[in-house]
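Structure first, then comments.
Residue numbers (this note's numbering), protein chains in the order written: chain U, 49 to 649; chain W, 5 to 394.
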């Protein structure tokens, strides 16, 4: 057991691309955790996807051995955190395992919305904050301005803000000393009953469930009988170890230490992230605070292109949820798309990542429906019904009203773009908010917006209106009654559930027109005219027609053409197999994807 | 087998009887230049090889085992009218020597109007040809230019008169509709029909992969518009009918007694011989085709070796589906048989029937909406083969 007084547990909070992963690499290198020869860029980001997108999805923990200036050996545990707005849930999990947080801002780009949002999370979690500006070696760096912004929001003195270049290594040694100096040692009691927080877990095909734990009180040793306090599951410790970053088995972990744990649990879903582990024989009375269940904010249907893949999709989702406790799913059936699942995501990026992982890691070919938010429908008997799919919204006669989720959105952007941002927010039904200057050039704007208006391409629009300089963060802000209607899309008179949407009444006609026009382009001409209609209740608001196909015949079929023409028609016939029959209309699989493509307005 | 004088080209009896026609195809690949839409086996700037080529043809013909007296010979191209009629006569002689000719032999040649003269027409008659098919394509000079053709509209009439004068008993005009930017289709039809052809073929301009036209369209030039082509086809159908021509296949019209034996045989899934560059034949339940590269073909034929570049057996269900696939192109339709019945009873077949595309009556499957024939063909090709019966 390492003396808790010489342990420091910390995480790095940064906006995406502000250099968190590079700094983590540098810390690993400086502490000898990894040789330069083994150094791959961004060692902590293990998944291909993270490497490609340059973002961190899964929190991980690495143990660093550091001999400080005073010659004393310290144990530093670096808990990695994701940096995107969709993953604030995972950020708060990481924070709960730390006593300190390094708050990193890009010396050129300055404080961003996520930096602020996560800094507030860390402060509220009682963490010691060490502010730092990174990338001071960049030609565009303006550390003085960024330092002014940081103390403007966090308080403190300019000289307290560290200056770093994770890339060149400048300032990294000083940073390590400051971590030792400023981050409080863990305060756990080594003699009381074991309490360990499960702050992450993943499923390993060979070893079963691997839990990342932070020991708060007591200690844990190989072979100990343990109990998961929330689930009641009793297991023995089959393996305990630390990540250096390679997995290294140890005999046990003491208070303040961070490591991994393997028990007999093989089945997905039997370990709950946020649960407290205690000793099965000498158990603690009260569990650690843990976390709130992550609340999905965006919902979409995922359907296998091949109906036979439904079971494979189910298995893939079961495995994904162990690594990603925030992902929720339940079976759903669609007349147009067959059997699939309704998934709940933390945000659009989360949705995109899950879909890519399902396709890439599990080899599935999927169709996704338009993302939607969870509405609440007030029923005539006064009850509130939560609805995650437009097709589940009752008819106007069977409801009193629809409430939609709102968020408080924080936008940080150069002041010159205020007008353009306000125009966007207004168009997205935003309510007047507040404005706060971080510096003469940069401003923080706060608005109340319907979530449904934010989850689509709001961020992209914001970026394009601010030449890429705006950042966004948002948090739930309750529900509110809105004048919402359900727009149905009918093909040849038959409603297509996958295309139904809940939209604000003022936007219904635009949505109906957009969808009918798009579908007209996407649906091939058939033997008969196909009306495409958009309707609210029984009232039509838009109509297009796919005219009947008139000519579909080869001009020539003579002695020299027969085999070739037959093969040509056979290839065309294969294309026909990828059609979904909706009523009597053949709809190409791609049409569902293309029609539901999130669009700019 | 013979077509009775005044027999309607679309008669059911003729369509079925055509299965017994013995036909042979001879390919002449030489062209003055390449037309942008053409994907046939053709060569340019090789006219010095025509005599050698015709000799190679006779060698290939002599290699073919004896069949039975031929009812129909079709010399197509390429541009057969660029070749010395005497050379072509030697090829016909070789066919006669190998298989013999039936009494009512039809011998067709494809010709370009600009190559045609009374002398040539007489020489070809002398060589044994009695039917000519002119590549007229259009009677509008700018459309002809766009199609890469070398003749002027008025050369077509001259060619037709010379052919008649020389005693050709059946004359065809080939026309192309739906050329992007062409507004002269009606005018072309009137001009063509005023020449009183015995036979008329109207083809929708088709963008075939590997052609110059394909490259142009891929690069952004306007391609043919299928609705405009449907209009043009309907115009042609009305005009031809009022001129006394009877349609008997998707793209073909004829006066009674003038349907082409060779084509009738192909659509009836009859077996047929074929010789020359890239030529396709159907013999002993195998479809095979020759080399498409001129020097390769010549070398093989001159060595007395096989000229085949590939083959595919057509048997069982494949053959049955193919029979219906070919037969439905005809106005007379096709005996439904197992594949036609299976199509009719499939979901897809019922949808086609419901929308008036196909009809089944008296055991015959007929496509009523001709321009949707390929929708029927695809449904046919999608049918699962029936269980094997012992």
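Note that CB positions come from ideal geometry on N, CA and C, so glycine has one too.
This structure is a prediction, so every number in the text was calculated from the model and none was measured.
**Opening and closing residue of the alpha helix (DSSP H) in which residue 58/W lies** = Along the second chain, one-based indexing puts residue 58/W at 54. Note, residue 58/W: alpha helix (DSSP H), 54-67.
**Prompt:** How many whole angstroms separate the CB atoms of residue 153/U and residue 184/U, which I take to be in contact at a CB cut-off of 8 Å?
**Reply:** Locating residue 153/U in the first chain gives position 105, where the first residue counts as 1. Locating residue 184/U in the first chain gives position 136, where the first residue counts as 1. Residue 153/U to residue 184/U, Cβ: 11 Å. No contact.
**Request:** For residue 2/W, go through chain U and note every residue whose CB falls closer than 9 Å to its CB, in chain order.
**Result:** Here chain W comprises residues numbered 5 to 394, so residue 2/W is not present and cannot be evaluated.
**Request:** Mark residue 283/U as exposed unless 16 or more other C-beta atoms lie within 10 angstroms of its C-beta, in which case mark it buried.
**Result:** Here residue 283/U refers to the residue found at position 235 of the first chain. Flag for residue 283/U reads buried.
**Message:** Counting only Cβ pairs nearer than 8 Å, list the residues of chain U close to residue 361/W.
**Reply:** Reading the second chain from its first residue, position 357 is the one you call residue 361/W. 575, listed in chain order.
**Prompt:** Can you tell which of 72/W, 352/W, 285/W has the C-alpha that lies nearest to the C-alpha of residue 608/U?
**Reply:** Within the first chain, numbered from 1, the residue matching residue 608/U stands at position 560. Measuring from the Cα of residue 608/U, the nearest candidate turns out to be 285/W.
**Prompt:** From residue 248/U to residue 291/U, what does the alpha carbon distance come to, in whole angstroms?
**Reply:** Position 200 of the first chain, counted from the start, is the residue given in the question as residue 248/U. Position 243 of the first chain, counted from the start, is the residue given in the question as residue 291/U. So the alpha carbons of these two residues sit roughly 14 Å apart.
**Asked** What is the DSSP secondary structure of residue 21/U, counted as helix, strand or coil?
**Response** No answer is possible for residue 21/U: it lies beyond the span of chain U, which begins at 49 and ends at 649.
**Request:** Kindly indicate if chain W contains any beta-carbon less than 8 Å away from that of residue 555/U.
**Result:** By one-based count along the first chain, residue 555/U stands at place 507. No, residue 555/U lies away from the interface with chain W (no Cβ there is under 8 Å from its Cβ).
**Prompt:** Which term fits residue 446/U, buried or exposed, when burial requires 16 or more other beta carbons within 10 angstroms of its beta carbon?
**Reply:** Residue 446/U sits at position 398 when you count from the first residue of the first chain. Per the 10 Å Cβ criterion, exposed.
**Asked** Cβ of residue 602/U less than 8 Å from any chain W Cβ?
**Response** Sequence index remark: in the first chain, residue 602/U carries index 554 (1-based). Chain W, which has a Cβ nearer than 8 Å to the Cβ of residue 602/U, makes this yes.
**Item:** alpha helix (DSSP H) segment containing residue 301/W, residue limits
**Value:** For the purposes of this step, residue 301/W is taken as the residue at position 297 of the second chain. Here the alpha helix (DSSP H) through residue 301/W covers 298-307.
**Prompt:** Which partner residues of residue 181/U appear in the DSSP bridge assignment?
**Reply:** The residue labelled residue 181/U in the question sits at position 133 within the first chain. DSSP output for residue 181/U lists 153/U, 211/U as bridge partner(s).
**Item:** Alpha-carbon spacing of residue 347/U relative to residue 341/W, whole angstroms
**Value:** Within the first chain, residue 347/U is the residue found at index 299, counting from 1. Within the second chain, residue 341/W is the residue found at index 337, counting from 1. The alpha-carbon atoms of residue 347/U and residue 341/W are separated by roughly 53 Å.
**Request:** Take residue 350/W as the anchor and find which of 134/W, 202/W, 383/W has the nearest alpha-carbon.
**Result:** Numbered from its first residue, the second chain carries residue 350/W at position 346. Considering only alpha carbons, the answer is 383/W.
**Item:** Cβ contact check for the region 286-296 of chain W and the region 224-237 of chain W: 3 or more pairs under 8 Å
**Value:** no
**Three-state class that DSSP yields for residue 31/W in the structure shown** = Taking the second chain and counting its residues from 1, one reaches residue 31/W at position 27. Strand.
**Asked** Taking buried to mean at least 16 other C-beta atoms within 10 Å of its own C-beta, is residue 103/U buried or exposed?
**Response** Here residue 103/U corresponds to residue number 55 of the first chain, with the count starting at 1. Reliability fails at residue 103/U, whose pLDDT of 42 lies under 50, so the model's placement of it is uncertain and the value that follows must be treated cautiously. It counts as buried.
**Message:** 8 Å is my cut-off, CB to CB: does residue 316/W come that close to chain U?
**Reply:** In the second chain, residue 316/W corresponds to position 312, counting from 1. Output row for residue 316/W: interface = yes.
**Prompt:** Do three or more CB pairs link the region 208-224 of chain W to the region 171-178 of chain W at distances below 8 Å?
**Reply:** no
**Item:** Neighbourhood of residue 376/W by C-beta, 7 Å cutoff - its chain only, sequence neighbours within 5 removed
**Value:** Counting from 1 along the second chain, the entry for residue 376/W is found at position 372. Cβ within range, chain order: 361.
**Partner residues on chain W for residue 146/U, Cβ-Cβ distance less than 8 Å** = Residue mapping note: residue 146/U aligns to position 98 of the first chain, counting from 1. Neighbours of residue 146/U on chain W: none; closest Cβ ~59 Å, over 8 Å.
**Asked** Does the beta-carbon of residue 239/U have 16 or more other beta-carbons within 10 angstroms, so that it is buried, or is it exposed?
**Response** One-based indexing of the first chain puts residue 239/U at position 191. So residue 239/U counts as exposed.
**Asked** Within the 8 Å Cβ cut-off, does residue 144/W reach chain U?
**Response** On the second chain, position 140 is the one that residue 144/W refers to. Taking Cβ atoms only, chain U never reaches closer than 8 Å to residue 144/W, which makes this a no.
**Message:** For residue 106/U and residue 390/W, what's the separation of their Cα atoms in angstroms?
**Reply:** Locating residue 106/U in the first chain gives position 58, counting from the first residue. Locating residue 390/W in the second chain gives position 386, counting from the first residue. Reliability of the predicted coordinates at residue 106/U is poor, the pLDDT of 48 falling under 50, and no value is obtained from them.
**Item:** Local Cβ density within 10 Å of residue 103/W, reported as buried at 16 or more and exposed below that
**Value:** As a first step, residue 103/W must be located in the second chain, where it is residue number 99. Counting Cβ neighbours within 10 Å, residue 103/W comes out buried, since at least 16 surround it.
**Item:** Proximity of residue 204/W and residue 166/W at Cβ, strictly below 8 Å
**Value:** Mapped onto the second chain, residue 204/W falls at position 200. Mapped onto the second chain, residue 166/W falls at position 162. Contact: no.
**Asked** Quick one, which of 444/U, 585/U, 504/U, 206/U has its alpha-carbon nearest residue 476/U's?
**Response** Counting from one through the first chain, the residue named residue 476/U turns up at place 428. Of the candidates 444/U, 585/U, 504/U, 206/U, the one whose C-alpha sits nearest the C-alpha of residue 476/U is 504/U.
**Message:** Quick check on DSSP: helix, strand or coil for residue 323/W?
**Reply:** Looking up residue 323/W in the second chain gives position 319. In this structure, residue 323/W counts as helix in the three-state DSSP scheme.
**Message:** If I measure Cβ to Cβ from residue 252/U and keep anything under 6 Å in the same chain, skipping five residues before and after, which residues do I get?
**Reply:** Numbered from 1 along the first chain, position 204 holds the residue referred to as residue 252/U. So the list reads 258, once near-sequence residues are dropped.
**Request:** For residue 276/W, name the three-state secondary structure that DSSP assigns.
**Result:** In the second chain, residue 276/W corresponds to position 272, counting from 1. Strand at residue 276/W.
**For residue 35/W, the nearest candidate out of 139/W, 328/W, 279/W, 253/W (CA to CA)** = Reading the second chain from its first residue, position 31 is the one you call residue 35/W. The shortest C-alpha separation from residue 35/W is found at 139/W.
**Asked** For residue 254/U, does the count of other Cβ atoms within 10 angstroms reach 16, so buried, or fall short, so exposed?
**Response** Taking the first chain and counting its residues from 1, the one referred to as residue 254/U is at position 206. That one is exposed.
**Request:** Could you tell me whether the region 325-334 of chain U touches the region 138-147 of chain U, where touching means 3 or more Cβ pairs closer than 8 Å?
**Result:** no
**Three-state secondary structure assigned by DSSP to residue 226/U** = Taking the first chain and counting its residues from 1, the one referred to as residue 226/U is at position 178. Helix at residue 226/U.
**Item:** Presumed contact (8 Å Cβ cut-off) between residue 202/U and residue 232/U, rounded CB distance
**Value:** Counting from one through the first chain, the residue named residue 202/U turns up at place 154. Counting from one through the first chain, the residue named residue 232/U turns up at place 184. Their Cβ separation, rounded to whole angstroms, is 18 Å, which puts residue 202/U and residue 232/U out of contact at 8 Å.
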